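Asker: Here my numbering is used: position 166 in the sequence shown is 167, and no number is missing along the way. The beta carbon of each residue, even a glycine, is placed where N, CA and C say it ideally should be. This one's a predicted model, so the numbers in the text were calculated from it and none came from an experiment. One structure is given below, represented as structure tokens, and several questions about it will come after.
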Amino acid sequence: MDDTASVSKPVRRVVIAGGGTAGWMAAAALSRTLGKVLDITLVESEEIGTVGVGEATIPTMITFHRLLDINEQEFMAATGATIKLGIKFEGWRDVGQDYIHSFGTTGKDHWTAGFQHFWLKGRARGLARDYGDYCLELRAAEENRFAHLPRGGMNYAFHLDAGLYAKFLRRFSEGFGTKRVEGKIASVDTSADGDIAALVMEDGTRVEGDLFIDCTGFRSLLLGQTLGVEFEDWSHWLFADSALAVQTESVKPAIPYTRSMAGTAGWQWRIPLQHRVGNGIVYSSRFMEREAAREALVGGLEAPPLFEPRLLRFTPGQRKVTWKRNCVALGLASGFLEPLESTNIHLVSRNLTRLLQSFPHVIRQVDIDEYNAQTETEMTHIRDFVILHYYVTNRRDTPFWRACAEMEIPATLRHRIELFRQTGRVFRVPNELFAENSWIQVMLGQGITPQQHHPVADLMEDPELSRFLGGIHGHVEQTVAKLPLHADYLKTYCPQARPVAA
Ligand SMILES: Cc1cc2nc3c(=O)[nH]c(=O)nc-3n(C[C@H](O)[C@H](O)[C@H](O)COP(=O)(O)OP(=O)(O)OC[C@H]3O[C@@H](n4cnc5c(N)ncnc54)[C@H](O)[C@@H]3O)c2cc1C
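Put into structure tokens, the structure is as follows:
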């Protein structure tokens, strides 16, 4: 049997296996867009449950919600969401040294050269402040301030409660005709041509379909286990393979950014929601025992844990292809890097958009090949961006950090690092998630100082350069000063919907 798709069957019935964030995002996007012409069924098992983590997002989520016509205030109120303006990386460059990777743009570019070249010149001449001082979102994050500004004046994303988000999307999807089947999938039936024919439930019922979306999480029940798509292991670049997650009560006003605190063999996250805080430690089991990880996590909490920390094990990497025959995998079923730059929910929405844009009348191998090529390229860039944080660091204080600094990195990443180190230049390839300013913020933040700046910056004499830099900074500070405190803004914009007592 060859591995290509059979092309004869029209796609009418879509079956989504799994009801975590990925499954319900798929149901929402498919039913909202094509619900009138498709028959959509989602199968999930309350007994198995979901991973229940995944609470920090990036700004592309706003686009996903706009495409689906999801009201932001309703969504935020329903999921206890807060605003995320970026990630504060604490102790990543070296112990005690912090920086923020914000979602904003920094300064003003010239068409020949990005703002960093003018900043580098200003820095060398003693005229420039910190790079982040020229970025509105970054300064607003530091001051705990936020408001929606006219003309998309602030780039932001959300922190959200993953369980509540799945519930919110379930209501939304059912409103557009998605049918839900509760129960455990016992096996997956394939037809003679090798396509998936049906999910067979524990009670013997069959859920038949033409196109299957595998959202079964790390199990990858359809794409991995049934269709045998191999997993590409990236653990030689990304050493973290374990996480412990726990929630605490909020004891402080919610801050508008995620905290990522580097530790001895990985890092810890802190994600503030309206009603609680999500905490976790991501670590390499090669360098840290579970008990030591638990102690580090619990020892650093701001409030007592609400339950015993939950262990999650994973292998960083992705399936060799994420669409095979009549099965597309989304979310953890397709792969997982690690949560450092909060890219997984983004990848679900991005791949759903791609799937909807190439949605087949009948499944054709050309569509599959194009989809797989695009997803692979996108994932490779994100992988490189995440590796960058571990590799470029001055930390050598533990065996973990020494191993990170000594690893052989992908050639694609080596090129970017060298280009920036030698010339201050960055680039963005088409469809790449992280834009120039993300690469600059993280490369500077992790400790690379470019050896030169673009000659166009030399056209400005010191007084002019000083006025240019001062003008941008002044504008940023004036805007930040007028913003309300983030926690106060949430109280009026999207107070969390609380269940009414009976
Ligand atoms: C430690 C950690 C931190 C993370 N942090 C972030 C983050 O900050 N931001 C981000 O974007 N992403 C993050 N992620 C990733 C994010 O959690 C996932 O991408 C997201 O939750 C989607 O998960 P999922 O729906 O693919 O899988 P799951 O949540 O595992 O859902 C799987 C579904 O399949 C069902 N299922 C499985 N087997 C069967 C069966 N036999 N029968 C019936 N149903 C079945 C389950 O019941 C469940 O409904 C993180 C992941 C981890 C591990």
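Within the same chain, show all residues whose beta-carbon is closer than 7 angstroms to that of residue 230, passing over the 5 residues directly before and after it, in chain order.
Answerer: Taken in chain order, the residues that qualify are 224, 320, 321, 322 and 325.
Asker: Beta-carbon separation of residue 314 and residue 234 under 8 angstroms?
Answerer: Taking 8 angstroms as the Cβ cut-off, residue 314 and residue 234 do not qualify as a contacting pair.
Asker: Using the DSSP secondary-structure output, state which residues sit across from residue 250 in a beta bridge.
Answerer: In the DSSP output, where bridge partners are listed per residue, residue 250 has 277.
Asker: Assuming residue 43 is part of the beta strand (DSSP E), what are its boundary residues?
Answerer: 40-45 is the extent of the beta strand (DSSP E) around residue 43.
Asker: For the putative contact between residue 445 and residue 414, defined by C-beta atoms under 8 angstroms, what is the C-beta separation to the nearest angstrom?
Answerer: Contact doesn't hold; Cβ gap of about 16 angstroms is too wide.
Asker: Return yes when at least one heavy atom of ligand 1 lies under 7 angstroms from the C-beta of residue 108, else no.
Answerer: No, since every heavy atom of ligand 1 falls outside the 7 angstroms radius drawn around the Cβ of residue 108.
Asker: What did DSSP end up calling residue 380 once you bin it into helix, strand or coil?
Answerer: Correct three-state label for residue 380: helix.
Asker: Is the closest heavy atom of ligand 1 to the C-beta of residue 66 under 7 angstroms?
Answerer: No, ligand 1 has no heavy atom inside 7 angstroms of this Cβ.
Asker: What residue from 348, 497, 475 and 372 has the CA that sits closest to residue 64's CA?
Answerer: Checked all of 348, 497, 475 and 372; the closest Cα to residue 64 is 348.
Asker: With residue 473 as the anchor, note down where its beta strand (DSSP E) starts and where it stops.
Answerer: Taken as a continuous stretch (DSSP letters only), residue 473 belongs to no beta strand (DSSP E), being part of the alpha helix (DSSP H) at 463-483.
Asker: Are the Cβ atoms of residue 188 and residue 330 separated by less than 8 angstroms?
Answerer: The answer is no: Cβ separation not under 8 angstroms.
Asker: Output needed for residue 485: all residues of its chain with C-beta closer than 7 angstroms, excluding positions within five of it in sequence on either side, in chain order.
Answerer: The residues are 146 and 148.
Asker: Please classify residue 297 as buried or exposed, where buried requires at least 16 other C-beta atoms within 10 Å of its C-beta.
Answerer: So residue 297 ends up on the buried side.
Asker: To which residues does DSSP link residue 15 through a beta bridge?
Answerer: Note: residue 15 sits in a beta bridge opposite 41 and 212.
Asker: Which residues share a DSSP beta bridge with residue 81?
Answerer: The partner list for residue 81 (beta bridge, DSSP) is empty, contrary to what the question assumes.
Asker: Please look up how many angstroms separate the CB atoms of residue 81 and residue 497, rounded, as I've assumed it's under 8 angstroms.
Answerer: Rounded, the Cβ-Cβ distance is 5 angstroms, consistent with contact.
Asker: Return helix, strand or coil for residue 60, following the three-state DSSP convention.
Answerer: Coil.
Asker: With a threshold of 16 other CB atoms inside 10 Å of the CB of residue 192, please say whether the residue is buried or exposed.
Answerer: Residue 192 comes out exposed.
Asker: Let's test the definition: count the other Cβ atoms within 10 Å of the Cβ of residue 204 and tell me whether it reaches 16, buried, or not, exposed.
Answerer: Counting Cβ neighbours within 10 Å, residue 204 comes out exposed, since fewer than 16 surround it.
Asker: Let me confirm a value: residue 440 is counted as buried when at least 16 other C-beta atoms fall within 10 Å, else exposed. Which label applies?
Answerer: The residue in question, residue 440, is buried, as its Cβ has 16 or more Cβ neighbours within 10 Å.
Asker: Considering only the alpha carbon of each residue, which of 208, 294 and 166 lies closest to residue 185?
Answerer: If we check each option's Cα against that of residue 185, 208 comes out closest.
Asker: Please name the residue in 28, 53 and 10 whose C-alpha comes closest to that of residue 311.
Answerer: Comparing Cα-Cα distances from residue 311 to each of 28, 53 and 10, the minimum goes to 53.
Asker: Along the chain, where does the beta strand (DSSP E) that runs through residue 328 open and close?
Answerer: Here the beta strand (DSSP E) through residue 328 covers 328-330.
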